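**Q**
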Amino acid sequence: MSLKNKLKKITISHLFFPIMCLLIVLVVNVIKTPNFFEISINNGVLYGYVIDVINRGSELVILALGMTLVTAASKGQDISVGATMAVAAAVCCQILSGGEASVTGFQNSLLLAMLTALVVAAACGALNGFLVAKMHIQPMVATLILYTAGRGIAQLVTKGQITYIRVDSYKILGGYIPGCPVPTPIFVAIAAAVIIALLFKFTTLGLYIESVGINSNASRLVGLNSTKIIFIVYVICGVLAGIAGLVNSSRIYSADANNIGLNLEMDAILAVALGGNLLSGGKFNLAGSIIGAYTIQALSTTLYAMDVKADQLPVYKAVVVIIIVTLQSEVFRSFIKNLRTKNTGHGGSALNKEVQ
Amino acid sequence: MSDKLQPKVSQKKTLSSTTFLLLITIGLFIVMYVAGMILLADKGFSKPQMFCNLLIDNAGLIVISLGLTIVMITGGIDISVGSVTALVCMASAYSMEKSGASVYMALALSLGIGLAFGIVQGFLVSYLKIQPFIVTLAGMFFGRGMTAIISTEMISIKNTTFLSWAQFKISLPIGTVNKKGIFQAAYIYPTVIVALLALVVVFMMLRYTKFGRSLYAIGGNDQSAMMMGLNVKRTKFVAYIISGFLAGLGGFLFCLNTGAGFVEQAKGLEMDAISASVIGGTMLSGGVGNPIGTLFGVMIKGTINSLITTQGTLSSWWVRIAVAALLCFFIVLQSIIGSKGKKRKKS
Amino acid sequence: MQEVILTMRGICKSFPGVKALNQVDFTLRQGEIHALMGENGAGKSTLIKALTGVYSMDAGEIKLQDTSIVNHSPQEAQGNGISTVYQEISLCPNLTVAENLYIGREPRKLGMIDWKTMNRLAGELLSSLSIAVSPTSQLDDCSIAIQQMIAIARAIDMQCKVLILDEPTSSLDDDEVGKLFTLMRQLKKQNVGIVFVTHFLEQVYEVCDKITVLRNGELVGEYLVSELPRVQLVAKMMGKEFDDLASLKSDASIQDVEEGDAFITAQKLGCVGKIKPFDLKLYKGEVVGLTGLLGSGRSELVRAIYGADKPDSGTLKINHQETKINTPLDAIKKGMAYLPEDRKRDGIIADLSVRENIIIALQAKRGLLKPMSRKEMEEFADQYIDLLQIKTASRETPIKSLSGGNQQKVIIGRWLLTNPEYLILDEPTRGIDVGTKTEIQKLVLRLAGEGMSITFISSEIEEMLRVCSRMIVMRDGQKVGELNQDELNQDTIMQTIAGGEGHHES
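Protein chains in written order, with this note's numbering: chain A, 1 to 356; chain B, 357 to 703; chain C, 704 to 1209.
1. By how many angstroms is the C-alpha of residue 574/B removed from the C-alpha of residue 627/B?
2. Between residue 1061/C and chain B, is any beta-carbon pair separated by less than 8 Å?
3. Residues of the segment 548–570 of chain B with a CB closer than 9 Å to any CB of chain C: list them in chain order, please.
4. Can you name, in chain order, every residue of its own chain whose Cβ lies under 7 Å from the Cβ of residue 338/A, other than the five neighbours on each side?
5. By the DSSP assignment, the beta strand (DSSP E) with residue 975/C in it spans what residues?
6. Select from 502/B, 466/B, 422/B, 657/B the residue whose C-alpha is nearest the C-alpha of residue 313/A.
7. Are the C-beta of residue 656/B and some C-beta of chain A separated by less than 8 Å?
8. Would you identify the three-state DSSP class for residue 908/C, choosing helix, strand or coil?
9. Can you list, in chain order, the residues of its chain whose CB lies under 7 Å from that of residue 822/C, leaving out five sequence neighbours each side?
10. Do residue 126/A and residue 235/A have their CB atoms nearer than 8 Å?
11. Tell me which same chain residues have a C-beta within less than 6 Å of the C-beta of residue 855/C, skipping the five on either side of it?
12. Would you say residue 603/B and residue 479/B are within 8 Å of each other, going by their C-beta atoms?
13. Fully enclosed by the segment 739–805 of chain C, which beta strand (DSSP E) runs are 3 residues long or longer?
14. Would residue 1156/C and residue 966/C be called neighbours here (beta carbons separated by less than 8 Å)?
15. Beta-carbon of residue 500/B versus every beta-carbon of chain A: anything under 8 Å?
16. Check the Cβ-Cβ distances between residue 223/A and every residue of chain C, and say whether any is below 8 Å.
17. Could you check whether the Cβ of residue 595/B sits closer than 8 Å to any Cβ belonging to chain C?
18. Rounded C-beta distance between residue 1063/C and residue 222/A? I'm assuming under 8 Å.
19. Below 8 Å between beta carbons: does that hold for residue 515/B and residue 452/B?
20. Between the segment 35–53 of chain A and the segment 209–222 of chain A, do three or more beta carbon pairs fall short of 8 Å?
21. Distance cutoff 8 Å, beta carbons only. Does residue 333/A sit that close to anything in chain C?
22. Could you give the residue range of the alpha helix (DSSP H) that holds residue 408/B?
23. Would you list, in chain order, the members of the segment 442–460 of chain B that have their beta-carbon closer than 7 Å to a beta-carbon of chain A?
24. Beta strand (DSSP E) containing residue 992/C: first to last residue?
25. Using DSSP bridges, identify the partner residues of residue 1039/C.
26. Residue ranges of each alpha helix (DSSP H) run of no fewer than 4 residues wholly in the segment 94–136 of chain A, ordered along the chain?
27. Cβ of residue 5/A less than 8 Å from any chain C Cβ?
28. If you reduce the DSSP assignment to three classes, tell me which class residue 807/C lands in.
29. Does the CB of residue 815/C have a neighbour CB from chain B at under 8 Å?
30. Are the beta-carbon atoms of residue 736/C and residue 910/C separated by less than 8 Å?
31. Identify each residue in the segment 576–605 of chain B for which the Cβ-Cβ distance to at least one residue of chain C is less than 8 Å, and report them in chain order.
32. How should residue 74/A be labelled, buried or exposed, when 16 other C-beta atoms within 10 angstroms of its C-beta is the threshold for buried?
33. Which residues, taken in chain order from the segment 634–650 of chain B, show a beta carbon closer than 7 Å to some beta carbon of chain C?
34. On the criterion of 16 or more Cβ atoms from any shown chain inside 10 Å, does residue 705/C qualify as buried, or is it exposed?
35. Does the Cβ of residue 1023/C have 16 or more other Cβ atoms within 10 Å, making it buried, or fewer, making it exposed?
36. Pairing CB atoms from the segment 1100–1108 of chain C with CB atoms from the segment 1069–1078 of chain C, are three or more of them under 8 Å?
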């Protein structure tokens, strides 16, 4: 294959865009922090900027998986994922603490607490799924309800205080498994991705999601039930948000209803977009979203290194989102196409105005 | 002309679905407020000042919600208004306290910020046809972030003219007699007057101007509107600009009420504004909306807030939850009424 | 003879690859209701769009009352007095009747809209046209017929001289059509020239004065309704000559239909607004054709059987067992397959690959928990790419990159893969080259020979005659007749489609 063809093949690949973005961010990072890629082991545990990015990006990866599916099937986004994280964390910690604000021992079984939290998270997803799939409400509007109410519910569950679980075994999920140098969240993220991959291997869900997202008329005529599919997707997204919430809670060994998952929904949407997925639905690429998630985490790291405060980060992310959706917009694309045809000399034919 | 073919115009107007929704909203407000007056009379809920405080505390929200209603009538949405308010408060506070600007300059700055948001967001939505939710979600994060860039710490406003505007009491003829037997007139602040004026202007605009009616037409069916000769893109663009202006104005009123600027301010305000509009009868699908209904929507939210605050023992988070639940209820109600109407048409 | 109000001469319009209009003429007189008819691709809508400024013409001249005009947009056309009322109601459902009539030109007083005057003017306009509705009622509380009439009223009020009605009766029931015709006759008296684009034969003969027939972008002719028998009209629309002596008989004599037990029986199956209740018996091993003009309800009939449109009356029996088919999946599980007419909207899943498009129906039949292995999918895909000679770079190419004909083949492959007992093909050879058309027809006959029951819908009579052993004739939204093997010749078919005086319907 000639060099030109090879280049063409690479650029057309679906992963080209997300990988390019990641590389750009990594390069900027290395410039700012020359020892960015340095890894060391202290006290049996890995340290380094890179490790930090991969570690802290775990929750985002888990959220991005769910967000990708929701976007693909329902042509919209679920902005309640951050709130769902808070609810899950609140339920888990409250059960573990038996109602106290701070405990040093489990008051109830850890398994019970975590499972209940995930069930509640699934219920959140089910509510969203019901509103979108059955009531045909726009996804972002439907999820706006939990976006608002979610944290309130979480606050009520924790009785308005931050519940602390000062138990070593609780910190494992967000910290380290004794004897293992790799932070646990990384394993959780990998596990989530693997589970989703297995889900797609042993069921036809992946194909169905894409089909419904691309053409719901045709999908119906070939026998697919788009209501059921969209509902399932939102429940999955809810459960994933719940898992992310538990990881995050374990990191800070508490349930802080106000701050867990704060602004993460924006990051998740951004991850999906950076992953090369169209925010208007249809075909999706999970690997791209995962790369996108790490890219954003790396971007956050870059910005922190440039002395940007946590509260100020959203500005930069907002700008990136706007740039990406503009590039993805139909109007912009046909504008560029027209410019190109003008330049290559294909012109003159009267552009007919279609009223439709 | 044959009389047999004359349309029989019945004098009795059948209750249209939109009027029905509005009546539910007003009814709900009255029920809640009266319930409060009865149940919490001992805590002072039945005093006229309570009602006035409702207006005072929510003057900014009223104006912001009016802007949101305008945008929602065209079928769009704007979730950046909370952040715009925070940005306006912070910018005003900073300019007055750290840069020595006058109140008038702060006001102009606030309106300018609102307009800027309106212009950029409006352009992206109407001309580039990007989904309004994404655009304004980005706007929300941008605004919140900018607030933090101006200052991560709270700035209290001590500018004397500002404070005089904020605390100028306008007495009303009604009031209560306190324990000492002295008549205390209920009062409101100028912000309430501004809010009510805005309400009147928006109402007139929506009902009596060509622009206002074209907003409804576009929200109802933008293809048809275009076929009937309306300039859909430009109208939508202007709608966002107006909404931006009102967000800026409302933000300034909000600032007069809170007297400070800080990063976490007005978190969730967009939700309050959207809820107020929806509860007030504005349909999320567009084409239907009533500023009077929006006013009552705000009053309902305010009443819930007052009820819970006056009651004292319930957590303030219940307000958010109650509002979200009401929103959910009204969305489902709208959906049901919408589908019933379609069924009627088929037969 | 009334005065000529509109003349279009020598209109030509081409799009990349297709000549949509070729030297078409059209004449309209004042106070005349003039039908514009033609089958698929005839050029009706292109002609209208050229007149109203949606498209620009490549050549030709339009004259309105002796003045040459060129419309560059619908707004300009409206300004010149040419108004169009579309099939899709282009009014705003959330506004009142009066508002819809006056939006964009509301009467004003002191810079503000004068509601009282607007309502009064609206009331006067409505009663002058005998439209029985109150100006203050909301538009979507009115029936479709009334909405249509309001759209017409708006056009009239804007001083239109030429009123174009584009398929106005498609969503109306008989009573409502009657009301519309009353209005049209009233406008006729007011000297408005009306262009009535429709495919409903009966209606043309009921209310029109003249008919212009287009076919494949060319003018077939302009006729007086009183001088053109129905059969001749059908013949002209289909591009055939009606000749008593002509006999293009069916040569589908190979068929050996199993008489007796009907495989599928439909009784009074109907779907309100789409297809009037019908009875139908389908047998194994036979190919039944559905014929009729465009819009006669062919697709709607099969969609009612397949569950694509949920029927609201009647029963369906498969092998004498009453079955409820509520969704396409029910139908698929019972062994049915449906190739839709609108490939782009209902057929292809654009961004998915050829492989995925081929296996999707079979996968849906197998269920969520039984995914096919990659190898299995590839084998299936290759099988049909080969069988149907689908031209594609690879089985992973997105189907949207294929040509129309090849896309069609993929969809056919999709349904053949499900090994159906009953196969519905709605315009399967549209957009396919002649060689492949014949292959598909041969394939259909072979499948029938192997015992499949097939329903075949096509606009081309020869094709149907080659393949079908029985024909169901549709007209104006209902089944009007059945023709058996010996009656299957072109002329009988056209006569049945045309109907008319002295014809007995089965």
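Note that CB positions come from ideal geometry on N, CA and C, so glycine has one too. Since we're looking at a predicted model, the values are computed, not measured.
**A** Taking the structure as given:
1. 24 Å
2. no
3. 560, 563, 564, 565, 566, 568, 569, 570
4. none
5. Run containing residue 975/C: none; DSSP gives neither H nor E here.
6. 502/B
7. no
8. helix
9. 801, 838, 839
10. yes
11. 788
12. no
13. 762–767, 770–772, 785–788
14. yes
15. yes
16. yes
17. no
18. 5 Å
19. yes
20. no
21. no
22. 404–429
23. none
24. 990–994
25. 1125/C
26. 110–129
27. no
28. coil
29. yes
30. yes
31. 576, 577, 579, 580, 581, 583, 584, 585, 586
32. buried
33. 643, 644
34. exposed
35. exposed
36. no
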